[in-house]
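Below is one structure; the comments refer to it alone.
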Amino acid sequence: MSDRLVKYVLSCLILVGLGLGIYVLTGAQGVDIEELQEKAQAPNDRALRTVHVQTFAMTLETADRTIIDTRTPAEYSEGHLSEAKNIDFYAHDFEQQLAALDADAPYAIYCRSGNRSSQVLEIMRHLGFKDVIDLQGGIVAWEREGKGLCTDC
Numbered sequence: 001m002s003d004r005l006v007k008y009v010l011s012c013l014i015l016v017g018l019g020l021g022i023y024v025l026t027g028a029q030g031v032d033i034e035e036l037q038e039k040a041q042a043p044n045d046r047a048l049r050t051v052h053v054q055t056f057a058m059t060l061e062t063a064d065r066t067i068i069d070t071r072t073p074a075e076y077s078e079g080h081l082s083e084a085k086n087i088d089f090y091a092h093d094f095e096q097q098l099a100a101l102d103a104d105a106p107y108a109i110y111c112r113s114g115n116r117s118s119q120v121l122e123i124m125r126h127l128g129f130k131d132v133i134d135l136q137g138g139i140v141a142w143e144r145e146g147k148g149l150c151t152d153c
C-alpha cells in the first residue's frame with residue numbers, strides 16, 4: 001500500500017470519527033440544534049430573538065406578553081393565537097402603530113411563515129423595544145406542531 005493511499009484512508013477514518021462524535025454529542029443525547037442556535041445568540045441580543053414553536057408556546061404560558069399578529073386582517077380572521085392583537089404589516093401606518101406601543105413591555109410577534117415578523121423584529125429593535133420574541137416559521141410552524149388557533153377569541 002502506498003503512503004498516499006494510507007494517508008487517504010486515515011483521513012477518511014478521521015472524518016467518519018468526527019461525524020460520529022458530532023452525532024453522539026447532538027443527536028444521541030437529545031440536544032435540540034435549534035435550542036443551541038437560540039442560546040448562541042449574543043447575550044445583549046437575547047431579549048429580541050426568534051424562537052422555535054416550543055419556546056414560543058412555553059414563554060406565552062409562563063410570562064405575560066402582548067401578542068401581536070402581523071398578518072392582514074383577512075389572514076387574522078381565518079385563525080390566530082388567543083388574545084393576539086392584529087397590527088397589519090402592510091398598513092400605511094404600521095410603523096407608527098408599533099411606535100405607539102410601550103417599548104419596555106414584553107411582546108410576542110408572529111406572521112404566516114416568519115418572513116414579515118422577522119422584519120418587524122428588526123423594526124422593533126430600531127424603535128428601542130427591549131423584550132420581543134418572534135415565532136420562527138410563523139403560524140405555519142405553529143399548526144405543524146399541533147398547536148391550535150381560534151377565530152372568535
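Note that the numbering used here has the sequence shown beginning at 1, numbered continuously upward.
Virtual Cβ for every residue (Gly too), placed ideally from N, Cα, C.
According to DSSP, simplified to helix, strand and coil, what is residue i?
| i | result |
| --- | --- |
| Tyr90 | coil |
| Ala144 | Looking at the sequence shown, residue 144 is not Ala but Arg. Residue state, collapsed to three classes: helix. |
| Ala57 | helix |
| Ala108 | strand |
| Leu36 | Note that Leu36 scores a pLDDT of 48, beneath 50, so its modelled location is shaky; the value from the coordinates is reported in the next line. Helix, per DSSP. |
| Thr62 | helix |
| Leu127 | coil |
| Leu121 | helix |
| Ala99 | helix |
How would you label residue i, buried or exposed, when you count the other beta carbons within 10 angstroms and need 16 or more for buried?
| i | result |
| --- | --- |
| Leu64 | The residue asked about is misnamed: residue 64 is Asp in this sequence, not Leu. Exposed, since its Cβ has fewer than 16 Cβ neighbours within 10 Å. |
| Asp104 | exposed |
| Arg144 | exposed |
| Ser117 | buried |
| Gln54 | exposed |
| Gly137 | buried |
| Asp69 | buried |
| Asn44 | A caution first: Asn44 carries a pLDDT of 43, below 50, which makes its placement in the model too unreliable to give a value. |
Return the Cβ separation of residue i and residue j in integer angstroms, given the expectation that the two are a contact with Cβ distance under 8 Å.
| i | j | result |
| --- | --- | --- |
| Ile123 | Val51 | Contact doesn't hold; Cβ gap of about 18 Å is too wide. |
| Ile87 | Tyr110 | No, Ile87 and Tyr110 are not in contact; Cβ-Cβ is about 11 Å, not under 8 Å. |
| Thr154 | Ala108 | No answer is possible for residue 154: it lies beyond the span of the chain, which begins at 1 and ends at 153. |
For the ligand COA, is there any heavy atom lying closer than 6 Å to the beta carbon of residue i?
| i | result |
| --- | --- |
| Leu81 | With respect to the ligand COA, the structure shown offers nothing to examine, as it has no ligands at all. |
What residues match up with residue i in a beta bridge as DSSP calls it?
| i | result |
| --- | --- |
| Ile67 | Ala108 |
| His80 | Cys150 |
| Lys85 | Ile68 |
| Leu135 | Val51 |
If contact is defined by three or more beta carbon pairs under 8 Å, each pair taking one atom from either stretch, is the region 72-84 in contact with the region 142-152? yes
Tell me, please, whether the region 94-102 touches the region 131-146 by the rule of three or more beta-carbon pairs shorter than 8 Å. no
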